[in-house]
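Taken in order, these protein sequences are the chains called X and B. Those letters in the first sequence? Residues 238 to 543, per my numbering, in order. Those letters in the second sequence? Residues 1267 to 1549, per my numbering, in order. Working notes for the structure below.
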Amino acid sequence: MIEVRELTKRYGNVTAVDRLSFDVKPGIVTGFLGPNGAGKSTTMRMILGLDRPTSGSVRLDGKEYGSLAAPMREVGALLDAKAVQGGRSARQHLRWVAQASRIPERRVGEVLDIVGVSEVAGRKAGTFSLGMSQRLGIACALLGDPRILLFDEPVNGLDPEGIRWIRTLLKRLAAEGRTVFVSSHLMTEMEETADHVIVIGRGRVVADIDVETLRQQVSGAQVRVVSPQAGELAPLLQRAGASITHGEGAIVVRGLDAARISDIAADHRIRLHELAPYRVSLEAAFMELTHNTLEYSALVREEARS
Amino acid sequence: MTTATSSTPTTAPIAARTVSTPRVRFRDTLASEWTKLTSLRSTWICVALGILLALGFTALRSAAIGNTWDAHRQDMYANFNPVTWPLDGTLLSTIALVVIGVSVAAGEYTSGMIHLTLAATPRRGQVLAAKATVVAGVTIATGLIAVLGMFVVSQFIYESAGMPTASLTNPDTVRVLAAMSVLAAVFPLMGVAAGVLLRSTAGAITTVLALSFVPEILGGLLPPWWQEHVMSVLPSKAIAAAAVGHIAPQPAYHAPAIAAVLVVGWVAAAFGAAYVVLKRRDA
Ligand SMILES: Nc1ncnc2c1ncn2[C@@H]1O[C@H](COP(=O)(O)OP(=O)(O)OP(=O)(O)O)[C@@H](O)[C@H]1O
Ligand SMILES: [Mg+2]
């Protein structure tokens, strides 16, 4: 469990993180989403005690990072996979991390196997591709078998095979009861992996919502209608409480379901050529969340009520 | 590259974890810093260079003096001392050893690996102390080999040139050689502190080498007042005074005991500043 409370970080007059509050619960994968510069990495550095918050606090299973007896046995993190001195072999790199955290050295071989870099473990880390570096970084995070895991953009640079692998890994770690917090700037990367997402924009929480709830909110909520008598239909639907947007050769109806629209049309002998749920991808919803202030405050309110 | 197979268990299930988490001790941090230092080839290159440069320089210089000994024994070599003269080679080994000290700290900032180091050990003072300890260990050991090597090689050359020689059984000699070995760690340690303060390898190396060489280059040119009151306080003169002041005093040398205090003061000041900055600044 990670508890972030009123966390704020200012660099000079740039407010990177602005009174952020959220919980990251164990047993599920929590996505941490936001566009470039939203403050994801800064938040993660503060969780790990690397950057000192301007104000606010972070608790990890109730404790401050700095007071943990052996931090890497309780919290594992991948921040920047390329932030490794290139002259050391992967195995030596993991060895020093293990020693620093009082982790038995046999664990080094285990995590190398887990991430699948055993065969190149003797090679200098500086010669690794980005994908291999990501795997080494993940090995490092898993080294202490920690209850809490943080990954900053772990999918970066991985090929489709690697992406599938990491999704499976994240889910398995969560299924084991761990707290798994993963950042990304793409909703598409998260929608199949995360159970819950915390979306931030310009350092503030924009949405803190279950992926399933978000999915329901964005799809099914709108219906696309094609009718040769759209001009007659629209005011009727509006009178029944719908809001209408006009698209190319169709209208998009919000606030009424397909059955109601069909009934209203039939009552007024209006012909319908097409009547279909208007699907908004989660990615589009995410874009809306981070770019449209009105939209996201509405969503946050809805979430708060539920 | 092989992909992790799904048959490999990811990690032990959480229930299998040991409940108690043993606290990380200083010796764990020390072991990890030792692994870091010794697993980089550049460390060993610097150690080898530190020894070879010192030996090479001293051998050449001793041979040159031997060749012209008879012509200049009365003037240029009037204050020849067979114990202290061979030790000028340490000036060159200092360069290589400072690179080790600086890399240990600044190298982690330039690579970004400092995040991992401080995440593993949030007690930053403990990290700094461990870094200082391993750098002192390696540089003192290297210093000892270089100093003994320079001494033995030069005595051999002096003897064959018919010059005065010194013996390793003389307590004064032993004191000089021991002091020089230990003091070989001073500039590398200041390199660790400078690396933390400046976070730049090039910047820290330049700063520390300037501090060590400028007095040597400028020193003799300055008026006596400057020698006694300014040069004498600088670390390079304090190191020399602490090591050889008792047998070869100079205007720019304080008494050995005072010089030793000055040396410790310089190192302590550098680490004090590094500690405060490391503790306060974002990683
Ligand atoms: N050390 C720093 N000094 C000054 N500004 C900083 C520093 N670190 C981050 N920032 C600023 O804080 C803001 C948030 O940056 P951060 O790296 O946390 O974003 P992010 O969400 O991780 O972005 P990305 O998706 O690009 O990784 C940015 O405006 C960035 O320029
Ligand atoms: Mg980032």
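Where is the CB? At the ideal position from N, CA and C, for every residue including glycine. Since this is a predicted model, take the numbers as computed values, not measurements.
The Cβ of B/K1503 sits no closer than 7 Å to any Cβ of chain X. The contact set of X/S294 on chain B, defined by CB atoms closer than 8 Å, is empty, because the minimum CB distance reaches about 15 Å.
Residue-level contact by beta carbon holds for B/G1378 and chain X, with a gap shorter than 7 Å. If you look at X/D445, you'll find it isn't in any alpha helix (DSSP H); it sits in the beta strand (DSSP E) that goes R441 to D447.
The residues T245, in chain order, have a CB closer than 6 Å to that of X/S292 in the same chain once the five nearest residues on each side in sequence are set aside. For the pair X/G394 and X/W402, the Cα-to-Cα distance works out to about 13 Å. For a Cβ distance threshold of 7 Å, residue set D1548 of chain B lies close to X/R289, ordered along the chain. Listed by position along chain X, the residues whose Cβ is nearer than 7 Å to that of B/T1295 are A337. A residue is called buried when at least 16 other Cβ atoms come within 10 angstroms of its Cβ; X/V251 does not meet this threshold and is exposed. Contact check for X/E311 and X/I385: beta-carbon distance about 6 Å, within the 8 Å limit, so the pair qualifies. Among the residues facing chain X, B/T1287 is included, as its CB has a counterpart in that chain under 7 Å away. Think of a sphere of 8 Å around the beta carbon of X/M309: the chain B residues whose beta carbon falls inside it are A1385 and A1386, in chain order. At a Cβ-Cβ threshold of 7 Å, X/A358 and X/A327 count as neighbours. At least one heavy atom of ligand 1 is found less than 6 Å from the C-beta of X/K277. In the structure shown, X/K300 adopts extended strand secondary structure according to DSSP, grouped into three states.
Going by DSSP, X/Q336 is part of the alpha helix (DSSP H) stretching over A327 to A337.
If you look at X/I340, you'll find it isn't in any alpha helix (DSSP H); DSSP assigns it neither H nor E. A distance below 7 Å between beta-carbons, with the five flanking residues on each side excluded, links X/G368 to the following residues of its chain, in chain order: G394, L395, D396 and G399.
Using a Cβ-Cβ distance cut-off of 8 Å, the region 1364-1371 of chain B and the region 297-316 of chain X are not in contact, since fewer than three pairs of beta carbons, one from each stretch, lie closer than that value. Shown here, B/H1381 sits in a helix according to DSSP, grouped into three states. If you look at X/A306, you'll find it isn't in any alpha helix (DSSP H); DSSP assigns it neither H nor E.
Of the residues assessed, B/W1532 falls on the buried side of the cut-off, its CB having 16 or more other CB atoms within 10 angstroms. Nearest C-alpha to X/A503 among X/V490, X/E469 and X/P383: X/E469.
Its chain contains A1427 as the residues whose beta carbon lies nearer than 8 Å to that of B/N1333, once the 5 sequence neighbours on both sides are disregarded; these appear in chain order.
In this structure, X/A253 has its CB closer than 6 Å to one or more heavy atoms of ligand 1.
When distances are taken from the beta-carbon of X/G271 to the heavy atoms of ligand 1, the shortest one is below 6 Å. Using a CB distance cut-off of 7 Å, B/S1298 counts as an interface residue toward chain X.
Classified as buried, X/R332 has 16 or more neighbouring CB atoms from the shown chains inside 10 Å of its CB. Contact fails between the region 1493-1503 of chain B and the region 1392-1403 of chain B, because fewer than three Cβ pairs, one in each stretch, are under 8 Å apart. B/I1380 and X/M424 have their C-alpha atoms some 30 Å from each other. Residue pairing for X/T482: DSSP places it in a beta bridge opposite X/V489. When CB distances to chain X are screened at a threshold of 7 Å, the residues of the region 1306-1322 of chain B falling below it are L1306, R1307 and S1308, in chain order. Short of 8 Å from the beta carbon of X/L315, and not among the five residues preceding or following it, lie these beta carbons of its own chain, in chain order: Q371, G374, I375, C377, A378, L387, F388, D389 and P391.
X/A358 carries a coil assignment under DSSP once its states are collapsed to helix, strand and coil.
Residue nearest to B/A1450 within the set B/V1530, B/A1337 and B/T1472 is B/V1530 (criterion: CA-CA distance). A straight line joining the alpha-carbon of B/S1377 with that of B/L1484 spans about 36 Å.
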